[in-house]
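Scroll down for the structure; my scribbles are underneath it.
Residue numbers (my numbering), protein chains in the order written: chain A, 95 to 551; chain B, 95 to 551.
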């Protein structure tokens, strides 16, 4: 297969997976520094990545996507192809040729990176990543980092809501066909796995990330055969106790009766339409009365956290939920307003005061405070040089130093384990399905003073 | 750079960019055919891809994504890596080893494909693609095709609404940072370009697809310098008449006055916050009074079709709109309910009658009927063997025959040209921003009879 069309983005061009203005700004920084003999060490910027506000009805968010960002920072390069593309752009005609001949070919990200742990919960206005380094480097990463963190965080946060209501039921991510591009399907599988999902239908997430993928049959499998029972026989003959039979193509309860001849030798049945509470109760009864008491019931069909909550409150005997569209698009609110803002340049704190778009200046740390029962109480945003509050946990952890990874990134199973243990500390009130809390983030007095002094300067 | 992590999906694994059930079904078809000595030519399926219902407030949709689907169908293969992954899956233990040793290594899609022209408008329940071929082939493509067509169609449809209200204003797609994965950013750029956008900020869309990318500066560029004017001077010195200066970092009108010293030597100013109507009027006045009458005004800041309509109704002197988040996520409704359903198997029409999920059986064509003024009147869904209605246009065009492309795919500029000319034929009523029409799709009497006979059988 030639060319990059399958995924468009590959090892040869990923550095250009960005907005063009990062490159016009970058080239301008290069030219300005060249003209004014400014060295990289005297051109150090610090950016915060934070979320301005919740998507609708959220009281917390789950951080995800760091591993893909780190991979990009370690590996992205200006290849010959990308450099020749840029060199030909008319807009760059006044940029010194050394930019294309020397600087870009040798370019590697040399950034210091602090980040929250993937799977941690957080709140608006908290820096979830802090990026420091030469201006060109720190600026160029903006779009890619925002893209990856915004989407994976959006989906991990949505998945966490579903996990909260589904508790110990099995949860499967089924959203690839409605996710926004094949790659979004992989990201959705990863992000929902972090927030406690058990598996996915996405096979790339399995071969590339090791998330168990599964799935059995569509209605087309049933329809291909002359009658429904023949399709079940064919399938069961091949897949035996791995079989999950789809029973709603014609008449759900009739199909449940038919397949009871398999007794407990199949794994599950799946119901994909109609009133899932009513069907699952009837099907459970049929299965139990016919020696299929170990056969599980899997439900799907435009499920989300609200529907699953209602289904379980009505005591539907469903063992596993396949959640697709609503999860992989975060359908009730498909965007997180993540932004990437300059907060320090050459050791001087910076502030942006555009209308309604204030940013917190200076290099900061977030400290998490717990009550005496070990439950989350609040976070405090403080300047880096302030004394550490007692009984607190610093949330931003050093990840890279001058482009080198300085911590071991946890594997996905450990991220999930951390998520599951950590989310226990979050009070139930914040896990409700509507926004009901003010942001539990305090701002230190020092930081408030800095904001006032910068606004007045 | 090693491995596939940048994009996860690449030429070596794209065949597995799918839901796992396509593979369990596929392997079951293989085994069943082997056991029963069924040849490929006696195992021919036909699937329709159609949209069940509109996203909110739509009266039509725009078809997009075909080129990426064709590329996949021409090029996707089971590589050694993917075959070894599948061979090790416990679930496939009863599948004959010839599947992994012979069938998969030699596999190439041998499908007949009919599709609408990219950029055409269409309505729910119309097959926008029809796929025919050996069951294994036709089934395996389901997830990938749905994913690509669903998303690009979603975005082209959203972009079309924005184009309708913005008319001849310049439209730029700025959504990459909020799109759902880096690849979604590229798709969003492509789909919005099809529906009449002028350009994008996404650089991959430029290097890989030739869509003009542009962009100038973020607030960080302003903040990096000691004062705002210095940043404008530095930028203008390098980019001259390509400069678009961002003027809302501190005080929009003060900045407009400052930059008027450049007279008409810069291209534009950009306003990214606050009341865009009020600011643009004030800024236009300042520019005009200070010899900058040729300097354009670009506006951005969470724009969508509703806001642009309002802004233009208030006569804001804005020349270009940058549209990001709301477009690239189709924020008001981020999903299209595209489905892929078996409608014929071995020349026998098939129907699915799960509750609320009826499908139209049999191989069909859509005919578009125009009134005497050449304006769209209605579409008629008919069985393939029915006589062609007079003065009608068949919308499904043969694209591939047994895996070979049999038509020349238009380039992006020609797709956009077709879109612009074709959408003129759609009555203005259907272009309003709320759903106000019943689906203008008629069903032929023959097709109705077939549905009745299959339901009763």
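Cβ coordinates follow ideal geometry from the N, Cα and C atoms, glycine included.
So residue 486/B is in the beta strand (DSSP E); what residue range does that whole segment cover?
Its beta strand (DSSP E) spans residues 486 to 488.
Open item on the list: Please report whether the beta-carbon of residue 104/A lies at a distance below 7 Å from any beta-carbon of chain B.
Closed with: Interface residue (Cβ-Cβ distance to chain B less than 7 Å): residue 104/A is classified as such.
- Query: Is the region 160 to 173 of chain B touching the region 260 to 277 of chain B, taking contact as three or more C-beta pairs under 8 Å?
  - Reply: Taking 8 Å as the limit for Cβ pairs, the verdict is that the region 260 to 277 of chain B does not touch the region 160 to 173 of chain B.
For my contact list, residue 437/A and residue 453/A are in at a C-beta cut-off of 8 Å; report their separation, rounded to the angstrom. Cβ-Cβ separation between residue 437/A and residue 453/A: approximately 6 Å, consistent with a contact (criterion under 8 Å).
Assuming residue 495/B is part of the beta strand (DSSP E), what are its boundary residues? Boundaries of the beta strand (DSSP E) harbouring residue 495/B: 491 to 495, taken from the DSSP string.
### Query
Is residue 98/A buried or exposed, if buried means 16 or more other CB atoms sit within 10 Å of its CB?
Its pLDDT being 45, under 50, residue 98/A is placed unreliably in this model, and the value from its coordinates should be taken loosely. Residue burial is scored here from C-beta neighbours: residue 98/A has at least 16 other C-beta atoms within 10 angstroms and is therefore classed as buried.
- request: Would you grab the beta carbon distance between residue 354/A and residue 370/A for me? Rounded to a whole angstrom, and I think it's under 8 Å.
  value: Wrong, their Cβ atoms sit about 20 Å apart, outside the cutoff.
Notebook entry, point to check: Which term fits residue 142/A, buried or exposed, when burial requires 16 or more other beta carbons within 10 angstroms of its beta carbon?
Noted result: It counts as buried.
Exposed or buried, residue 112/B, counting other C-beta atoms within 10 Å across all chains shown (16 or more means buried)? So residue 112/B ends up on the buried side.
| task | To the nearest angstrom, report how far apart residue 430/A and residue 268/B are at their CA atoms. | result | Straight-line Cα distance between these residues: approximately 15 Å.
Backbone secondary structure at residue 200/A - three-state DSSP | Reduced to three states, the DSSP call for residue 200/A is helix.
TODO: Kindly list the residues whose CB is nearer than 7 Å to the CB of residue 344/B, restricted to its own chain and excluding five residues on each side of it in sequence; keep chain order.
DONE: By the criterion of a C-beta distance shorter than 7 Å, residue 344/B is surrounded in its chain by 322, once the five residues flanking it on both sides are discounted.
Inter-stretch contact (C-beta, 8 Å, three-pair minimum) for the region 490 to 499 of chain A and the region 440 to 449 of chain A:
No, the region 490 to 499 of chain A does not touch the region 440 to 449 of chain A.
message: Buried or exposed for residue 346/A, going by 16 or more other Cβ atoms inside 10 Å?
response: Residue 346/A comes out buried.
request  = Report the neighbours of residue 323/A on chain B: residues whose CB is nearer than 9 Å to its CB, in chain order.
outcome  = Residues of chain B whose Cβ lies closer than 9 Å to the Cβ of residue 323/A do not exist; the shortest such Cβ separation is about 15 Å.
(Q) With a threshold of 7 Å between beta-carbons, can residue 444/A be considered close to chain B, or not? (A) For residue 444/A, the nearest CB of chain B lies under 7 Å from its own CB, placing it at the interface with that chain.
Practice prompt. Output yes if chain B places a C-beta closer than 7 Å to the C-beta of residue 552/A; else output no.
Written response: This structure gives no information on residue 552/A, because the portion of chain A shown stretches from 95 to 551.
**Prompt:** chain A partners of residue 309/B, CB-CB under 7 Å?
**Reply:** Neighbours of residue 309/B on chain A, chain order: 113, 114, 115 and 118.
_6 Å CB neighbourhood of residue 546/A in its chain, flanking five on each side removed_ = Here residue 546/A has no same chain residue with a Cβ atom under 6 Å from its own Cβ, once five neighbours each way along the sequence are excluded.
| query | Out of curiosity, what's the CA-to-CA distance linking residue 195/A and residue 336/A? | reply | Cα to Cα, the separation comes out at about 58 Å.
**Contact check, residue 118/B vs residue 310/A, beta carbons under 7 Å** = Their beta carbons are under 7 Å apart, which means residue 118/B touches residue 310/A by this criterion.
Within 7 Å (strictly less), CB to CB, does residue 634/B reach chain A? Only positions 95 to 551 of chain B appear in this structure, which leaves residue 634/B out of reach.
So, does the CB of residue 297/B fall closer than 7 Å to a CB anywhere in chain A? At least one CB of chain A lies nearer than 7 Å to the CB of residue 297/B.
Query raised in the report: Between the C-alpha atoms of residue 521/B and residue 183/A, what's the straight-line distance to the nearest angstrom?
Result: Across the structure, residue 521/B and residue 183/A are spaced so that their CA atoms are roughly 41 Å apart.
Practice problem: Could you list which residues in chain A have their beta carbon closer than 7 Å to that of residue 471/B, in chain order? | Solution: Per Cβ cutoff of 7 Å: no residues; residue 471/B is ~32 Å from chain A at best.
With DSSP run on the structure shown, which of helix, strand or coil describes residue 275/A? DSSP places residue 275/A in coil when its eight states are reduced to three.
Continuous alpha helix (DSSP H) stretch holding residue 407/A: start and end: Per DSSP, the unbroken alpha helix (DSSP H) holding residue 407/A starts and ends at 399 to 407.
Item to complete: Tell whether a beta-carbon distance below 7 Å holds between residue 390/B and residue 413/B.
Response: Here residue 390/B is near residue 413/B, since their CB atoms are less than 7 Å apart.
Original post:
Of all the options 384/B, 228/B and 266/B, which has the alpha carbon lying nearest to the alpha carbon of residue 349/B?
Top reply: When each option's Cα is compared against that of residue 349/B, the closest is 384/B.
Can you tell me whether residue 534/B is helix, strand or coil according to DSSP? Coil.
- request: Give me the Cβ distance between residue 552/B and residue 529/B, rounded to the nearest whole Å; I'm assuming they're in contact under 8 Å.
  value: The shown model of chain B, from 95 to 551, leaves out residue 552/B, and the question about it has no answer.
Cβ of residue 332/B less than 7 Å from any chain A Cβ?
-> Interface residue, yes.
- Query: Which one or two residues does DSSP pair with residue 141/B in a beta bridge?
  - Reply: 225/B and 436/B, per the DSSP bridge assignment.
inquiry  = Please report the distance separating the alpha-carbon of residue 231/A from that of residue 541/A.
reply    = Pairing residue 231/A with residue 541/A, the inter-Cα distance amounts to about 27 Å.
**Prompt:** chain A partners of residue 313/B, CB-CB under 8 Å?
**Reply:** Close partners of residue 313/B in chain A (Cβ separation under 8 Å): 435, 436, 446 and 448.
For this session: Mind listing the chain B neighbours of residue 199/A? Cutoff is C-beta to C-beta under 9 Å, in chain order.
Result: Going along chain B, no residue has its Cβ under 9 Å from residue 199/A, so there is no contact; the nearest lies around 15 Å.
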